[in-house]
Each structure stands twice: as structure tokens, then as C-alpha cells.
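Read left to right, the sequence shown gives residues 499 to 667 (our numbering). Note that beta-carbon positions come from the ideal geometry of N, C-alpha and C, so glycine has one too. First the structure, in the form of C-alpha cells, and then the observations on it.
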Amino acid sequence: LAPWLVGAAAFALQLPIFDRWMSLMDEGHILQFADLLRRGGELYRDATLIAFPGSFYLLAWLFDWFEPSIRVARYAVSLEFALLASLVFVLLRGWLSKAHVALALGLLALYRIWAFPHWQMYSYSTTALCFIAAALVLVVGHVTRDGHDRWRLPLAGLLAGVAVACKQD
Numbered sequence: 499l500a501p502w503l504v505g506a507a508a509f510a511l512q513l514p515i516f517d518r519w520m521s522l523m524d525e526g527h528i529l530q531f532a533d534l535l536r537r538g539g540e541l542y543r544d545a546t547l548i549a550f551p552g553s554f555y556l557l558a559w560l561f562d563w564f565e566p567s568i569r570v571a572r573y574a575v576s577l578e579f580a581l582l583a584s585l586v587f588v589l590l591r592g593w594l595s596k597a598h599v600a601l602a603l604g605l606l607a608l609y610r611i612w613a614f615p616h617w618q619m620y621s622y623s624t625t626a627l628c629f630i631a632a633a634l635v636l637v638v639g640h641v642t643r644d645g646h647d648r649w650r651l652p653l654a655g656l657l658a659g660v661a662v663a664c665k666q667d
């Protein structure tokens, strides 16, 4: 239950500020390229970019499910940060005291606000961090269970590969 509560608190922390600004530079091109993919376009042919394609495809998939909008992208990144906070909690709770875990989560929340605007908009960094943190949780789970859960390693490798595909460069 605790990881869910951490995620809910991290999500709630963002609600007052998650849609109070916009950036047509970084965020605008991510949204535009995701919508281009949703409409059948292709990256590197119909759009000039240096970034790897993972974040764009994930956002295009969300746009297929909902609508192409800044609000959908902002909810996505807010949920990604909530997931990241939960994963950090899961990673640290076995190694650190409760006070140190709370301090780490507090610093993560402060960093979320301090890294304005890049962590408030849908971007490569939060998406990649989510996937790599999930991969790390699976690897640590595999190691601490003496290899009994062999499914964790291939899934961790897949998530690490997706994290790389979501990186900016």
C-alpha cells in the first residue's frame, strides 16, 4: 500500500501547478511530433529531430487513446513522476531508514519543482527515468530473491531498452 500512497501524494503535489504555463519550444515540438505520428507521419522523414523516438511514440499512443492536447501530455508526465516517486520509494525502503527514505522523496519532490520547466512538461527525461527506475526495481528484485523470478531480468532488459529509446540523445 505504501508505494501507492507515495505515488498518490506525488501526483497530488503536482496538481496545483501542472498546467499553469506552456512552452512551444521543447514541449511544442514533442506534442507536434507525437500528433504527426498519430496521423501516420514518420519521424526523421516528416520531422527533423535529434532525439530518440520512444517518448514521441508513447505520447502518440496516449493521443490515440485520449486526444492530442497539452493537458493529456501534462497528465502523462504527472503520472510518470508519481510512478518514479513510487519506484524510488520501493528501491530505497529496503536499504535506508524511514527518515532517510522520506528525505530522499522530499528532495525528489523539490527537484521536480526546481527543474522547472523541463520536469513539468512531457519530455524525454522523466519518461526515460521512469523506465530505467522500473528496470532497476526488477533487477534488484531478482538479485534479492536469489534468481527465483527469472522473468524479471528479460523484462528489466526490455524496460532498459525502452528507457534508452526515450532518451534525448
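- Counting C-beta pairs closer than 8 angstroms gives three or more between the region 622 to 632 and the region 648 to 666, which meets the contact rule.
- Counting along the chain, residue 516 sits inside no alpha helix (DSSP H), nor does DSSP assign it H or E at all.
- Shown here for residue 509: same chain residues with a beta carbon closer than 7 angstroms to its own, the five before and five after excluded, namely 576, 577 and 580 in chain order.
- Counting along the chain, residue 649 sits inside no alpha helix (DSSP H), nor does DSSP assign it H or E at all.
- DSSP places residue 578 in the uninterrupted alpha helix (DSSP H) bounded by 568 to 590.
- In the three-state scheme derived from DSSP, where H, G and I count as helix and E and B as strand, residue 541 is classed as strand.
- Taking the Cα positions, residue 539 is about 8 angstroms away from residue 531.
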